[in-house]
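Notes for the one structure printed next.
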Amino acid sequence: MKFLSPPDQAEYRRKVWDVVRQIPEGQVATYGQIAALIPPSKGMDPGDYAAWSARWVGGAMAACPDDVPWQRVINSQGKISLRPNAGAERQRQLLEDEGVEFDARGRVDLDVYSWAGPSQEWRQAHGLVSIGGS
DNA sequence: TCCTTGACTCAGA
DNA sequence: CTCTGAGCCAAGG
Numbered sequence: 007m008k009f010l011s012p013p014d015q016a017e018y019r020r021k022v023w024d025v026v027r028q029i030p031e032g033q034v035a036t037y038g039q040i041a042a043l044i045p046p047s048k049g050m051d052p053g054d055y056a057a058w059s060a061r062w063v064g065g066a067m068a069a070c071p072d073d074v075p076w077q078r079v080i081n082s083q084g085k086i087s088l089r090p091n092a093g094a095e096r097q098r099q100l101l102e103d104e105g106v107e108f109d110a111r112g113r114v115d116l117d118v119y120s121w122a123g124p125s126q127e128w129r130q131a132h133g134l135v136s137i138g139g140s
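Using this note's numbering, the letters of the first sequence correspond one by one to residues 7 to 140.
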């Protein structure tokens with residue numbers, strides 16, 4: 007799914023995967039968090055980007071390579087975003103195997119497992135937004 | 001060609 | 001804290 011595809015979708019998805027690969031085992035990141043690390047394409051309206059980038063990340067996950075730890079990416083509520091019949095149980099299983107715990111409602115405590123993001127150095131090397139924002 | 005269907009998030013109730 | 005609805009594009013049937 008992509009809604010409002012970014013001008014450079016292939017490029018965008020590649021960046022998303024690079025970021026996801028940095029998420030350490032036992033930690034999780036949200037779609038919005040990943041999106042916030044990647045700057046909008048030149049000329050793109052910041053408002054539109056903020057509104058749709060999270061979905062683009064979701065779209066990137068839908069087609070990610072096997073070496074991408076897609077299970078560590080969940081929604082802003084700390085819940086699995088996959089539909090029950092699309093691998094949600096598998097995702098939860100993978101996370102639990104890494105030590106991530108789910109509460110009674112099937113949510114992950116983001117205060118405990120949320121990833122802090124890649125190092126400033128890594129961000130610069132990959133052309134992502136720097137710490138401190140613009 | 002028309003209609004459905006998405007790995008999301010945020011504000012309101 | 002939980003549940004709803006809005007925002008909005010494109011590929012596939």
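Think of the CB as a built atom: it goes at the ideal place given N, C-alpha and C, for glycine as much as any other residue.
- Item | Burial state of M23 (16 or more Cβ within 10 Å) | Before going further, note that residue 23 is Trp rather than Met in the sequence given. Classification for W23: buried.
- Query: In the structure shown, what three-state DSSP assignment does I80 receive?
  - Reply: The answer is strand: DSSP assigns I80 an E or B state.
- Given P13, which residues of its chain have a CB within under 6 Å of its CB, disregarding the five upstream and five downstream residues? Close CB contacts of P13 within its chain, under the 6 Å cut and outside five residues either way in sequence, are with S47 (chain order).
- 8 Å contact criterion, which L43 and L134 should meet: CB distance rounded: Between L134 and L43 the Cβ distance is about 5 Å, and since that is below 8 Å, they are a contact.
- Message: Looking at V26: is its Cβ nearer than 8 Å to the Cβ of R78?
- Response: V26 is a Cβ neighbour of R78, given a cutoff of 8 Å.
- Cβ distance (whole Å) where M67 is taken to contact W76 below 8 Å: In this structure M67 is in contact with W76, their Cβ atoms being roughly 5 Å apart against a cut-off of 8 Å.
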